[in-house]
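**Student:** Protein chains in written order, with our numbering: chain A, 1 to 219; chain B, 220 to 438.
Sharing a structure with you now.
Number of protein chains: 2
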Amino acid sequence: MISHAEENYLKAIFKISEKEAKAASTNAIAAEMQTTAASVTDMLKRLAEKNLIDYEKYRGVQLTTEGSQVATALIRKHRLWEVFLVDKLGFSWDEVHDLAEQLEHVQGNNLIDRLDTFLGHPKFDPHGDPIPDAEGRWSFRQQVLLSTLKPGERAAVTGVDDHSPAFLQYLDQLGLTLGAGLELLERFPYDQSLRVRTPDGRELVLSEKVGQNLFVKIS
Amino acid sequence: MISHAEENYLKAIFKISEKEAKAASTNAIAAEMQTTAASVTDMLKRLAEKNLIDYEKYRGVQLTTEGSQVATALIRKHRLWEVFLVDKLGFSWDEVHDLAEQLEHVQGNNLIDRLDTFLGHPKFDPHGDPIPDAEGRWSFRQQVLLSTLKPGERAAVTGVDDHSPAFLQYLDQLGLTLGAGLELLERFPYDQSLRVRTPDGRELVLSEKVGQNLFVKIS
DNA sequence: TATAAAATTTAGGTTTGTCTAAAAATTAAT
DNA sequence: ATTAATTTTTAGACAAACCTAAATTTTATA
């Protein structure tokens, strides 16, 4: 039996390992979980005991195959619930994280596969993040950060790196929701801000920060 | 802040009070919660401290107005999720209790009202139990136990008193799902078993126990 | 390479929710 | 109205998950 708290730690470790490629440090986990390093050490011992992580004192941790499977299943649940909340209940993409965080812990035999069927087997969640299938396989997509585009290139918004409500709401305001098209007109060398044009002819200036947090697919 | 465990106790007390009309006893709560009397006493102190119940040592408990509101909201959530699981995800009525038991604890501003809207504001759950509205008002229905029918009377199934999967599955097998019509042909005095006819002409003999656990509306 | 700084772990505590066994109060029965 | 049976509460423990403060280990720096 894996507790909710344990599940959350596994997910946090998975998330860190995704970005960093090396063993996840106690401090990084504490930051991700918004708790103290001491609490993390406590939990790491328990997770190691259950063979969900490989843990060596002072050396950070890595998920075992089993731990990785648990984390992947959780992410699948989280993202499917997000699709449900947005597509079926009409929530906006900046409102669903906390709800999905709770829903992902609901345990039940067929629940998630039935939900998946009900939603039409979506491959990406409302933020453009891939949803692993029942066997833990991920969908990939040719996407790059907006900041890497060259002037003249056209692209469509496919996802975000920063998932904060503030960023998502700002994108809503700009009309840069998933699928929105755009063309990079120029990059100002002074601060790396970007001038882009939308299909309806509007021109926007986006900060470097926006460019580094928005994924697009070049068309 | 009310914990999941506290919520479950409030719901249990509500359920007992519904049937018994008098103060709920420690033992009755322990039975309903499948735990020990000592654990119940512990919890009752906490609930009383939070003004969710009126508690006097050795005298049983009653919900306060606030406690009753919490319990009602929980029941609303539980039953709406059951409708979702049956109507949208295709679960059968004997499979949804445990899932709804978890889903009812998910906290979120508009979640339940949005779910309610999505489901079309159902008034009854898949077992025929009423779903209180957002203000805590209950729907009532003219229903009686099948065992109270007189020979010759026709009725339709509206709900169950026994919610066990075994009973629900048996009813499925008999074709006595919600809305099913029937006519009482005779009651055998020997064991109070009932001979009934269904609209498609089938005749069934139902035990006294079935008659005392099936609600019907006389037509 | 010592020493300072940073990261990590240990030690010792707290809260929530549970338990068993024993004590106390209430209710039933002779 | 005592005694017996039942119900309820208290006492004392335990596990999970967290905390702060202190000790230890690792890493960075002079």
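Every residue, glycine too, gets a C-beta built ideally from N, C-alpha and C.
Since we're looking at a predicted model, the values are computed, not measured.
1. Against residue 114 of chain A, what residues of chain B qualify as contacts under a CB-to-CB distance less than 8 Å, listed in chain order?
2. Since I believe residue 215 of chain A is in contact with residue 148 of chain A (beta carbons under 8 Å), could you give me their beta-carbon distance rounded to a whole number of angstroms?
3. Below 8 Å on the Cβ atoms is my guess for residue 282 of chain B versus residue 290 of chain B; work out the distance and round it to an integer in Å.
4. Output, in sequence order along the chain, the residues in the region 229 to 253 of chain B whose CB is closer than 7 Å to any CB in chain A.
5. Can you pull the chain B residues whose beta carbon is under 7 Å from the beta carbon of residue 161 of chain A, in chain order?
6. Name the chain A residues that come within less than 8 Å of residue 430 of chain B, Cβ to Cβ?
7. Identify which residue in A:117, A:142, A:58 and A:118 has its Cα closest to the Cα of residue 128 of chain A.
8. Where does residue 325 of chain B sit, in a helix, a strand or coil, going by DSSP?
9. Give me the Cα-Cα distance between residue 168 of chain A and residue 82 of chain A, rounded to the nearest whole angstrom.
10. For residue 220 of chain A and residue 9 of chain A, I'd like the C-alpha separation in whole angstroms.
11. Smallest Cα separation from residue 233 of chain B: which of B:295, B:276, B:372 and B:257?
12. Applying the criterion that 16 or more other CB atoms from any shown protein chain within 10 Å of the CB defines a buried residue, is residue 51 of chain A buried or exposed?
13. Give me the residue from A:185, A:202 and A:171 with the minimum Cα distance to residue 213 of chain A.
14. Going along the chain, which residues of its own chain have a beta-carbon closer than 6 Å to the beta-carbon of residue 406 of chain B, five neighbours each way excluded?
15. Checking contacts by CB at 7 Å: is residue 303 of chain B closer than that to chain A?
16. Give a yes or no on whether the minimum CB-CB distance between residue 371 of chain B and chain A is below 7 Å.
17. Between residue 17 of chain A and the rest of its own chain, which residues show a CB-CB distance below 6 Å, the 5 nearest in sequence each way excluded?
18. Enumerate in chain order the residues of its own chain whose CB-to-CB distance from residue 46 of chain A is below 8 Å, with the five nearest sequence positions on each side excluded.
19. What is the DSSP secondary structure of residue 436 of chain B, counted as helix, strand or coil?
20. Closer than 9 Å, Cβ to any Cβ of chain A: which residues of the region 332 to 358 of chain B, in chain order?
21. If I measure Cβ to Cβ from residue 94 of chain A and keep anything under 7 Å in the same chain, skipping five residues before and after, which residues do I get?
22. I'd like to know if residue 289 of chain B contacts chain A, where contact means its C-beta is closer than 7 Å to some C-beta of that chain.
23. Leaving out the 5 sequence neighbours to the left and right, which residues in its chain are closer than 8 Å to residue 380 of chain B when beta-carbon positions are compared?
24. Put residue 124 of chain A into one of helix, strand or coil per three-state DSSP.
25. I need the DSSP call for residue 211 of chain A, collapsed to helix, strand or coil.
**Tutor:** Per the coordinate set shown:
1. Under the 8 Å cutoff, chain B gives 308, 309 and 310.
2. Contact doesn't hold; Cβ gap of about 10 Å is too wide.
3. 6 Å
4. Cβ contacts with chain A come from no residue of the region 229 to 253 of chain B.
5. Listed along chain B is no residue with a C-beta nearer than 7 Å to that of residue 161 of chain A; the closest approach is about 25 Å.
6. Correct list: empty, because the minimum Cβ distance to chain A is about 33 Å.
7. A:142
8. coil
9. Residue 168 of chain A and residue 82 of chain A: Cα-Cα distance of roughly 14 Å.
10. With chain A covering 1 to 219 only, the question about residue 220 of chain A has no answer from this structure.
11. B:295
12. exposed
13. A:171
14. 413
15. no
16. no
17. Setting aside the 5 residues that flank it on each side, residue 17 of chain A is surrounded in the same chain by 24, each with a C-beta closer than 6 Å to its C-beta; the list follows chain order.
18. Here the set comprises 6.
19. The answer is strand: DSSP assigns residue 436 of chain B an E or B state.
20. Listed by position along the chain: 333, 334, 336 and 337.
21. So the qualifying residues of the chain are 165, 168 and 169.
22. no
23. Listed in chain order, the non-local C-beta contacts of residue 380 of chain B below 8 Å within the same chain comprise 364, 431, 432, 433 and 434, local neighbours out to five positions each way being set aside.
24. Three-state result, residue 124 of chain A: strand.
25. helix
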